[in-house]
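Peer 1: Going from the sequence shown to my numbering is simple: count from 1 and add 3. Where is the CB? At the ideal position from N, CA and C, for every residue including glycine. Okay, here's the structure, questions in a sec.
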Amino acid sequence: MIQSHFAFPDGYLALMIKNKFKIPYTVTCHGSDIHTLTKNRKIRKYVIKALNEADKVFFVSEFLYEKAKEYGFRGENYKITTNGVDANIFYKYSNKKELLEKYNLDEKNKIIGFIGNLELVKGADRLVEIFKDIRKLSENVEFIIVGDGSLREELENKLCGDIKVKFTGKVKQKNVAEYMNCMDYLIVPSRNEGLGNVILESYACGTEVIASECGGIPEIIRDKRYLVKNNENIAQEVSNIIHNNKQYISENYSN
4 MIQSHFAFPD
14 GYLALMIKNK
24 FKIPYTVTCH
34 GSDIHTLTKN
44 RKIRKYVIKA
54 LNEADKVFFV
64 SEFLYEKAKE
74 YGFRGENYKI
84 TTNGVDANIF
94 YKYSNKKELL
104 EKYNLDEKNK
114 IIGFIGNLEL
124 VKGADRLVEI
134 FKDIRKLSEN
144 VEFIIVGDGS
154 LREELENKLC
164 GDIKVKFTGK
174 VKQKNVAEYM
184 NCMDYLIVPS
194 RNEGLGNVIL
204 ESYACGTEVI
214 ASECGGIPEI
224 IRDKRYLVKN
234 NENIAQEVSN
244 IIHNNKQYIS
254 ENYSN
């Protein structure tokens with residue numbers, strides 16, 4: 004059996020192999036293969052054919068399944084199987100103070116971060132306004148951006164100097180987990196998301212998540228109060244959530 008993890012080109016290639024050699028195959032759809040690649044009508048045709056001819060199709064969220072049905076997936080051979088988390092890497096550490104010292108973060112400050120590709124689909128461009136709005140609430144806050152991408156230089160130019168932001172670039176999973184354990188909040192401002200595995204990993208580390216209401220995110224967010232509308236007002240909504248959280252408010256805050 005062939006297990007293909009992506010509907011196109013992987014899934015379609017598996018279909019071609021099946022037709023020639025009679026080898027069965029499965030397809031696991033993770034996100035952009037359904038919600039982004041299918042915007043191209045030609046590719047969409049190949050995607051749906053690969054799904055309909057597969058022996059089994061796995062979607063990481065109900066959202067992706069429904070989206071595939073909109074495009075012509077018959078839905079006769081599917082199963083919803085969310086992503087898992089490596090509990091050997093992502094868990095709540097007992098030595099947060101040591102981690103803060105390791106990464107030169109002030110334990111007196113609240114740490115707010117972003118983890119992911121610095122691209123438009125992940126909402127990385129929204130971090131400028133989000134971080135600046137949060138910074139208006141208090142001086143006792145630091146920001147971390149873990150990841151890399153085409154928007155990194157622009158973000159560094161717009162953020163560095165105005166507020167305290169640490170850019171880490173790409174790091175190993177172990178370091179991702181350590182950064183998560185340093186954070187008080189993880190911000191996930193995605194414009195589209197198949198599921199949002201970083202949310203599950205963050206929860207495993209005991210870190211709260213504020214995320215945009217898009218894709219499969221609402222299916223896994225544990226506190227619906229921390230879902231924000233996926234629009235131009237996202238920065239203000241994120242700031243309001245943090246400001247209204249009594250666990251976060253300190254005497255240093257101002258309106």
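Give every residue of the same chain whose Cβ lies closer than 8 Å to the Cβ of E199, excluding the five residues on either side of it in the sequence, and list them in chain order.
Peer 2: Counting from one through the sequence shown, the residue named residue 199 turns up at place 196. According to the sequence shown, residue 199 is Gly rather than Glu. Counting only Cβ-Cβ distances below 8 Å, and skipping sequence neighbours, we find V191, S193, A214, G218, G219, I220 and I223.
Peer 1: Cutting at 6 Å between CB atoms, please list the residues of its own chain near V88, excluding the five before and the five after it.
Peer 2: Taking the first residue of the sequence shown as position 1, residue 88 is located at position 85. Around V88: L203, E204 and A207.
Peer 1: Can you tell me the Cα-Cα spacing of E157 and H33, whole angstroms?
Peer 2: Reading the sequence shown from its first residue, position 154 is the one you call residue 157. Reading the sequence shown from its first residue, position 30 is the one you call residue 33. For E157 and H33, the distance between alpha carbons rounds to 28 Å.
Peer 1: Please list, in chain order, all residues of the same chain as L121 whose beta carbon is under 8 Å from its beta carbon, the five residues on each side excluded.
Peer 2: Working through the sequence shown from its first residue, we reach residue 121 at position 118. The beta carbon of L121 sits closer than 8 Å to the beta carbons of A127, I148, G150, D151, G152, S153, L154, R155 and L158 from its chain, once the five residues preceding and following it are set aside; these are given in chain order.
Peer 1: Measure from the alpha carbon of K99 to the alpha carbon of each residue in G116, T29, C185 and E240, then state which is nearest.
Peer 2: Stepping through the sequence shown from its first residue, residue 99 is reached at position 96. The residue with the shortest Cα to Cα distance from K99 is C185.
Peer 1: Any beta carbon of chain C sitting closer than 7 Å to that of N234?
Peer 2: Absent here is chain C; the protein component of the structure consists of one chain.
Peer 1: Taking the C-alpha atoms as reference points, what is the distance between A90 and A180?
Peer 2: One-based indexing of the sequence shown puts residue 90 at position 87. One-based indexing of the sequence shown puts residue 180 at position 177. When rounded, the distance between both Cα atoms is 10 Å.
Peer 1: Is I92 near K70, with beta carbons less than 7 Å apart?
Peer 2: Residue mapping note: residue 92 aligns to position 89 of the sequence shown, counting from 1. Residue mapping note: residue 70 aligns to position 67 of the sequence shown, counting from 1. For I92 and K70, no; Cβs fall outside 7 Å.
Peer 1: Near F9, what residues of its chain come up, given a Cβ to Cβ distance below 6 Å and the 5 sequence neighbours on each side ignored?
Peer 2: Numbered from 1 along the sequence shown, position 6 holds the residue referred to as residue 9. If we look at F9 and ignore the five residues flanking it on each side, its Cβ neighbours are D36.
Peer 1: Between the alpha carbons of K45 and R228, how many angstroms are there, rounded?
Peer 2: For the purposes of this step, residue 45 is taken as residue 42 along the sequence shown, with counting starting at 1. For the purposes of this step, residue 228 is taken as residue 225 along the sequence shown, with counting starting at 1. A direct Cα-Cα distance of roughly 39 Å separates K45 from R228.
Peer 1: Assign G14 to one of three DSSP states: helix, strand, or coil.
Peer 2: In the sequence shown, counting from the first residue as 1, residue 14 sits at position 11. Helix, per DSSP.
Peer 1: What are the uninterrupted segments assigned as alpha helix (DSSP H) that are 4 or more residues long and contained completely in the segment 184-225, given in chain order?
Peer 2: 200-207 and 220-223
Peer 1: Provide the residue(s) that pair with V30 in DSSP beta bridges, ordered along the chain.
Peer 2: In the sequence shown, counting from the first residue as 1, residue 30 sits at position 27. BP columns for V30 point to S7 and V60.
Peer 1: So the alpha helix (DSSP H) E134 belongs to, where does it begin and stop?
Peer 2: For this step, residue 134 is matched to residue 131 along the sequence shown. Correcting the residue type first, residue 134 is Phe in the shown sequence and not Glu. L130 to R138 is the span of the alpha helix (DSSP H), which, as asked, contains F134.
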